[in-house]
Amino acid sequence: MSLLVESIFKICLFFMQFAMPENYLHIWPRHKFVIVASPNQDKSFNATFVLPMSIFNSLSKSEEILQFFQQYFPDFLSFVGSDDIIRTFLPSKPNSLVTIKCSTYVSSIGDMLLMGDAAHSIAPFYGQGVNAAFEDCLVLFETLKQTNFDIRKAFIAYK
Ligand SMILES: Cc1cc2nc3c(=O)[nH]c(=O)nc-3n(C[C@H](O)[C@H](O)[C@H](O)COP(=O)(O)OP(=O)(O)OC[C@H]3O[C@@H](n4cnc5c(N)ncnc54)[C@H](O)[C@@H]3O)c2cc1C
-12 MSLLVESIFK ICLFFMQFAM PENYLHIWPR HKFVIVASPN QDKSFNATFV
38 LPMSIFNSLS KSEEILQFFQ QYFPDFLSFV GSDDIIRTFL PSKPNSLVTI
88 KCSTYVSSIG DMLLMGDAAH SIAPFYGQGV NAAFEDCLVL FETLKQTNFD
138 IRKAFIAYK
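And the structure:
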């Protein structure tokens, strides 16, 4: 099982400049885990760490955490610094990445509809969640137009 370490490494301001080029996602892919950093308007980056639960559980002491980052992410370690790595990683509360598949998105009498992640979440690595959610909106809008904005009929047609 993978997990998303939500308490996020902040790669901070460096003389009011971005520490890395700002118009990119910065990705540190490793075989079983990955760090992804995205830029913020205050010139910092948020870095999210995805790794298997078994590895996360094996990193409970400062020395273990530092050794892990030195081995796999030496340049990331130099951006963030040992103290911040420890301070951020130790109290992290991981969240699971879930995949949701529904057999139907609509209640039998057409009074309730699931869209987007609620209906079909997938792991973020595919980069498709937002597209899929927008497509749901397009399809629903089409069925609303076809049914002259009768919501119940539109929901049934959407199904
Ligand atoms: C780390 C990560 C990276 C991702 N990268 C990408 C990417 O590169 N490309 C891509 O296409 N997708 C990506 N995704 C997936 C994408 O974010 C989701 O697929 C998308 O946000 C789904 O939109 P949604 O509106 O269905 O759900 P959400 O965006 O989750 O919106 C649901 C909203 O409902 C609110 N809510 C929840 N419960 C309640 C309640 N009880 N009452 C009121 N409000 C409530 C939540 O606060 C939230 O604002 C990524 C996801 C993650 C976690």
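Residue numbering for the sequence shown follows my numbering, beginning at -12 and increasing consecutively. Even for Gly, the Cβ is constructed at its ideal location relative to N, Cα and C. Source: prediction; values computed, not measured.
Task: As assigned by DSSP and simplified to three states, the class of N44 - done: As a working note, residue 44 is residue 57 in the sequence shown. N44 falls in the helix class under three-state DSSP.
- [ ] Find the nearest neighbour of F112 within the set K19, M7 and E122, judged by alpha-carbon distance.
- [x] Here residue 112 refers to the residue found at position 125 when the sequence shown is read from its first residue. Comparing Cα positions, the closest option is K19.
Task: DSSP-derived helix/strand/coil call for N135 - done: Locating residue 135 in the sequence shown gives position 148, where the first residue counts as 1. Coil at N135, not helix or strand.
TODO: Starting from A106, follow the alpha helix (DSSP H) in both directions and report where the run begins and ends.
DONE: Mapped onto the sequence shown, residue 106 falls at position 119. Its alpha helix (DSSP H) spans residues D104 to H107.
Task: Q4 (DSSP reduced to helix, strand or coil) - done: Against the sequence shown, residue 4 aligns to sequence position 17. Correct three-state label for Q4: strand.
Open item on the list: Using a Cβ-Cβ cutoff of less than 6 angstroms, which residues in the same chain neighbour I14 once the five nearest sequence positions on both sides are dropped?
Closed with: Taking the sequence shown and counting its residues from 1, one reaches residue 14 at position 27. Closer than 6 angstroms at Cβ, skipping near neighbours: V23.
Open item on the list: Taking the alpha-carbon of L127 as reference, which of K30, Y145 and V117 has the nearest alpha-carbon?
Closed with: The residue given as residue 127 occupies position 140 in the sequence shown. Residue Y145 is the option with its Cα nearest to L127.
Task: Local conformation of L77 per DSSP, three classes - done: Numbered from its first residue, the sequence shown carries residue 77 at position 90. Note: L77 maps to coil in three-state DSSP.
Open item on the list: So, with DSSP's three-state summary, where would you put A34?
Closed with: Within the sequence shown, the letter at position 47 stands for residue 34. Here A34 sits in strand by DSSP.
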